[in-house]
Amino acid sequence: MRALVVSVLATTMVACQTTPSSSETTGDSTAGLQGMLNALAPGDTLTLEPRVYEHSGVLKVLVPDVRIDGNGATLQATHDETSAVQILADGVQLSNIRLTAPPEGPRYMSPDEHKLVIGADNVAVSHVNIDGSAGAGVFVDGAQNFSIRDLTVHGTRADGLHMTNGAGNGVVEGVRTDQTGDDGVAVVSYGADAASCHDITVSDVHVGSTRWGRGMTVVGGTNIAMRGFTVADTDSAGVYVATEGDPYFTRTVENVSISDGTVTGANRNAGIVQGAVLVAVENPGTEVRNVSISDIRIASTPPSAERNVAIYTKAGTLQGVQISGISLDNSTLPAFFTNADAGSFAVTGWTAGGNPIAVS
Numbered sequence: 023m024r025a026l027v028v029s030v031l032a033t034t035m036v037a038c039q040t041t042p043s044s045s046e047t048t049g050d051s052t053a054g055l056q057g058m059l060n061a062l063a064p065g066d067t068l069t070l071e072p073r074v075y076e077h078s079g080v081l082k083v084l085v086p087d088v089r090i091d092g093n094g095a096t097l098q099a100t101h102d103e104t105s106a107v108q109i110l111a112d113g114v115q116l117s118n119i120r121l122t123a124p125p126e127g128p129r130y131m132s133p134d135e136h137k138l139v140i141g142a143d144n145v146a147v148s149h150v151n152i153d154g155s156a157g158a159g160v161f162v163d164g165a166q167n168f169s170i171r172d173l174t175v176h177g178t179r180a181d182g183l184h185m186t187n188g189a190g191n192g193v194v195e196g197v198r199t200d201q202t203g204d205d206g207v208a209v210v211s212y213g214a215d216a217a218s219c220h221d222i223t224v225s226d227v228h229v230g231s232t233r234w235g236r237g238m239t240v241v242g243g244t245n246i247a248m249r250g251f252t253v254a255d256t257d258s259a260g261v262y263v264a265t266e267g268d269p270y271f272t273r274t275v276e277n278v279s280i281s282d283g284t285v286t287g288a289n290r291n292a293g294i295v296q297g298a299v300l301v302a303v304e305n306p307g308t309e310v311r312n313v314s315i316s317d318i319r320i321a322s323t324p325p326s327a328e329r330n331v332a333i334y335t336k337a338g339t340l341q342g343v344q345i346s347g348i349s350l351d352n353s354t355l356p357a358f359f360t361n362a363d364a365g366s367f368a369v370t371g372w373t374a375g376g377n378p379i380a381v382s
């Protein structure tokens, strides 16, 4: 196993980490950094100097089973269209690094434009700080057996953390998002994807605010668990479980559990009526089934949201939805709205201002 300590233009073979270096940039480091990444061999550790590296091009990790220790370094993207850091090899570990991109501009959607792309299996990401992204902060693209821990995301133009294209067997823990351009943390399975997202556990999440979109979402997926979270100041719903029709055409939602959370000031956008928590089936031929939402504290939902919690059906099938242990505070809105068949859901154990209420 080799340990590589990297300055901006040279690689040194050493057995210990580098000492702190200047925080100043030295121009475009794309070629130098990519060269260092390509020079790794499986089992190597690459340790960066704790400074700012500008990159105008996409950076790709193509060697499997390597560890990249940012050591407090910042990788600062300078061009939206090529601003990504992409992990494309299995068994990569990335930690202790800050990734930045310009905070303003149009929203982009391609893999070269998300800030951090995880497109391989057995990838572990920890202690990563993302400040700005032309697209999503972290984009998990079909990865299996991944882990994301101690992630901070701020000021993206799309989702903070977006898991899609059949991503599965993942653990997400200790995520903080704020001022995201769309959902804070999202599991999304599109009809065109190779498979549905599956077997993902999300815990200890704090969504500080969204400029658009929702807080915590499952929009297509199987065996998804989210627990221990706070969501505040969202454009649309704080918690959202749904299948969506045109133009997204997302897949069936099955076996989803969302529990032990707080949603405050959700759905502030008066032009979008969702409420603090929304379960919906809107894509023909899809189902929302076996969904449990429990022990959620909801406060200060604005009047324009029209309700606190809703179960809505437009197309498709809904069955086995249970919403229990909802606590409502500081709200004059109706507790619940639904147009679903009574036999397709159950609502139990709700309170408002600490007092039990009947909901049906």
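Residues 23 to 382 in this note's numbering are what the sequence shown lists, from first letter to last.
Beta carbons: idealized from backbone N, C-alpha and C, even for Gly.
Item	Value
Decide if the stretch 166 to 182 is in contact with the stretch 77 to 95; the criterion is three or more beta carbon pairs, one per stretch, under 8 angstroms apart.	no
Where does Asn60 fall in DSSP's three states?	helix
Going by DSSP, name the residue or residues bridged to Arg198.	Thr174, His228
Can you give me the C-alpha to C-alpha distance between Pro124 and Gly260, rounded to a whole angstrom?	27 angstroms
Cα separation between Ser148 and Gln115?	8 angstroms
Mind checking Glu276: buried by the 16 CB within 10 Å criterion, or exposed?	buried
Between Asp255 and the rest of its own chain, which residues show a CB-CB distance below 6 angstroms, the 5 nearest in sequence each way excluded?	Ser231, Gly287
Mind checking who Tyr75 pairs with in its DSSP beta bridge?	Leu97
Are three or more beta carbon pairs between the stretch 231 to 244 and the stretch 324 to 333 nearer than 8 angstroms?	no
Who are Phe161's beta bridge partners in DSSP?	Val139, His184
Give the C-beta separation of Glu71 and Gly49 to the nearest angstrom, bearing in mind that I take them to be a contact with Cβ-Cβ under 8 angstroms.	So it is not a contact: roughly 15 angstroms between Cβ atoms.
In chain order, what residues of the same chain have a beta carbon less than 6 angstroms from the beta carbon of Gly267, not counting five sequence neighbours either side?	Glu304, Asn305
Report yes if the C-beta distance between Ile318 and Val285 is below 8 angstroms; otherwise report no.	yes
Could you tell me the distance, in whole angstroms, from the CA atom of Ser314 to the CA atom of Ser78?	45 angstroms
Using the Cα positions of Gly376 and Leu59, report the straight-line distance between them to the nearest angstrom.	56 angstroms
Helix, strand or coil for Trp372? Go by DSSP, reduced to three states.	strand
Residues in the same chain with beta-carbon distance under 6 angstroms from Ser366, minus the five sequence neighbours each way, listed in chain order, please.	Leu340, Gln341
Starting from Met238, trace the beta strand (DSSP E) in both directions and tell me its first and last residue.	238 to 241
I need the DSSP call for Pro324, collapsed to helix, strand or coil.	coil
Between the alpha carbons of Thr174 and Val197, how many angstroms are there, rounded?	6 angstroms
Going by beta carbon distance, what residues of the same chain come within less than 7 angstroms of Val80, once the five residues before and after it are set aside?	Thr104, Ala106, Gln108, Asp134
Pull up the DSSP beta-bridge partners for Ser281, would you.	Arg249, Ser316
Return the chain-ordered list of same chain residues with a C-beta closer than 6 angstroms to the C-beta of Ala362, the five sequence neighbours on each side being excluded.	Ile333, Thr335, Leu340
Are at least three pairs of beta-carbons, each pair with one atom in the stretch 183 to 201 and one in the stretch 221 to 231, less than 8 angstroms apart?	yes
To the nearest whole angstrom, what separates the beta carbons of Val74 and Thr96, a pair I think is in contact under 8 angstroms?	5 angstroms
Where Tyr130 and Asp153 are concerned, what is the direct C-alpha to C-alpha distance, given to the nearest angstrom?	16 angstroms
What did DSSP end up calling Leu84 once you bin it into helix, strand or coil?	coil
Given a cut-off of 8 angstroms on the beta-carbon distance, is the pair Cys219 and Met248 in contact?	no
Measuring CA to CA, which of Phe271, Lys82, Arg290 is closest to Asp257?	Arg290
Could you tell me which of Ala189, Gln344, Leu300, Thr67 sits nearest to Ala364, measuring between CA atoms?	Gln344
Can the beta-carbon of Gly157 be found less than 8 angstroms from the beta-carbon of Gly182?	no
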